[in-house]
Every structure is written in structure tokens, then in C-alpha cells.
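The next block holds one structure in the form of C-alpha cells; read it before the comments.
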Amino acid sequence: MSLQAHALEWGHGPKTFEVFLEPTCPFSVKAFNKLDALLAKVGEEAVTVKIRLQSQPWHMFSGVIVRCILAASTLPEGKAAAKKILQAVADHREEFEFTDHCTGPNMQATPQEIVERIERYSGVKVSEAFAVPELQTVIKWHCKYARQNGIHVSPTFMVNGLVQPDLGSGDDIAVWAERILS
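So the sequence shown is residues 21 to 202, counted in this note's numbering.
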């Protein structure tokens, strides 16, 4: 089977702004929620914004959620479906997370329940695509790409292929825009 995942990128400009996100990380959520405004400010002709998924094991359902997002990118809606899931998880972040990364209501949740919760909140039916074994190739690509670039935490930002350790989720988008355009 040939699986086609759509790249999680918006805009088509010559400058690239890559953001490594873990979908349940509060700092990644903060960064994710600024990306549309950043794209509007800088302009789709000037920048290509690329989301890279950085699964982290201390976010206990990270692997399941990342798989859902990438599975959605293989659907006919492609990156729009993936973005709906990213937004749904961002909007309901605490319902996908553990208290102190180790306790709380999600201790009783199963991966199947997490997938169903994602479908309910996002409106994206992802179960069938989630179950395609070949999806692991796409997941591994995100993981390998992050590792080869020395990415350890989320969010991490890269501008034109270079990690920007001084950029953070708390920065105003004007700071990001200036870095992209400089």
C-alpha cells in the first residue's frame, strides 16, 4: 500500500519557519495558536510555516495523538484535517494529559478512547487511517527529522533550517516575524 501524508505546511514563501510541537504541551499549544496570525503578518508569499511533530514520552498519550494527527493528514482533507485535530487537542489539552505526567483521570483511558475523543472534538473520523500500519513510516520521519536537527524540547523553532534557541512560545509574533524576514 502506498500511503500519502500531506505535509503540515502553510504558505509558499522562500523563507521557512519550522515549529516542532508536542500537541499536549502547554507551550506548544501557545505557539500553535499563534501560527495563523504569524502567517497573516508575514504573508503566505514570504514564508512557509511547517509543523513538525515532536512526540515526547512524558506526555503519556503523545504517541497516540501524534499518530492521529498524521493519520488525518492522509485523508482527503489532508493537512486541513490534521490541523482540525491539532486545534481540537489544543482546545481540550487537559483532557489528553496526565496530572504531573503520571496521575489523574486519564490513567483509566485507553488509546481507543483517546482516538474516539479526538474524533468527537475535531469532527475528523481518523480511526481507519490510524490503523494503517504503513503510517509508522510518516511517524518515524518526524522523529528522525527532529533528532537529526538536535531537537529535544517543544516547541523548538527553526528559521531557514537553523535552530533558534532564543525564540519561545511566549514571544510576540512580531519577534518571530522579524527573525523570519531578517
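For each residue, glycine too, the CB sits at the ideal point set by N, CA and C.
Every value quoted in this text rests on a predicted model; they were computed, and no experiment measured them.
For V69, same chain residues with a beta-carbon under 6 Å away, outside a window of 5 residues either side, are W30, G31, F37, L55 and L59 in chain order. With contacts defined by Cβ atoms closer than 7 Å, L28 and K99 form a contacting pair. Taking the C-beta atoms as reference points, A57 is found nearer than 7 Å to I193.
DSSP lists F40 as the beta-bridge partner residues of R72. At the C-beta level, T44 and R137 stay beyond 7 Å of one another.
In the three-state DSSP reduction, W30 falls in the strand class (E or B).
The DSSP-derived three-state label of T157 is helix. Residue nearest to I71 within the set D186, V144, Y165 and F81 is Y165 (criterion: CA-CA distance). Cβ-Cβ distances below 6 Å link K50 to S189 in the same chain, with the five nearest sequence neighbours on each side left out; the list follows chain order. Scanning its chain for C-beta atoms nearer than 8 Å, with the 5 sequence neighbours on each side dropped, one finds around P46 the residues R113, in chain order.
In this structure T94 is buried. Its beta-carbon is surrounded by 16 or more other beta-carbon atoms within 10 angstroms. Between the region 148-155 and the region 103-113 there are fewer than three inter-stretch CB-CB distances shorter than 8 Å, so the stretches are not counted as touching.
In the DSSP assignment, M178 forms a beta bridge with E38 and V183. Straight through space, the alpha carbons of F177 and K61 are spaced by roughly 17 Å.
The residue from V144, T130, F81 and K103 with its alpha-carbon nearest to that of N53 is K103. Following the DSSP letters along the chain, one finds E148 inside the alpha helix (DSSP H) bounded by residues S147 to F150. Positions of the alpha helix (DSSP H) runs, each at least 4 residues long and wholly inside the region 101-138, cannot be given because no such run exists. Residues P43, F52 and I89 of the same chain have their beta carbon placed closer than 7 Å to that of L106, with the five preceding and five following residues left out of the count.
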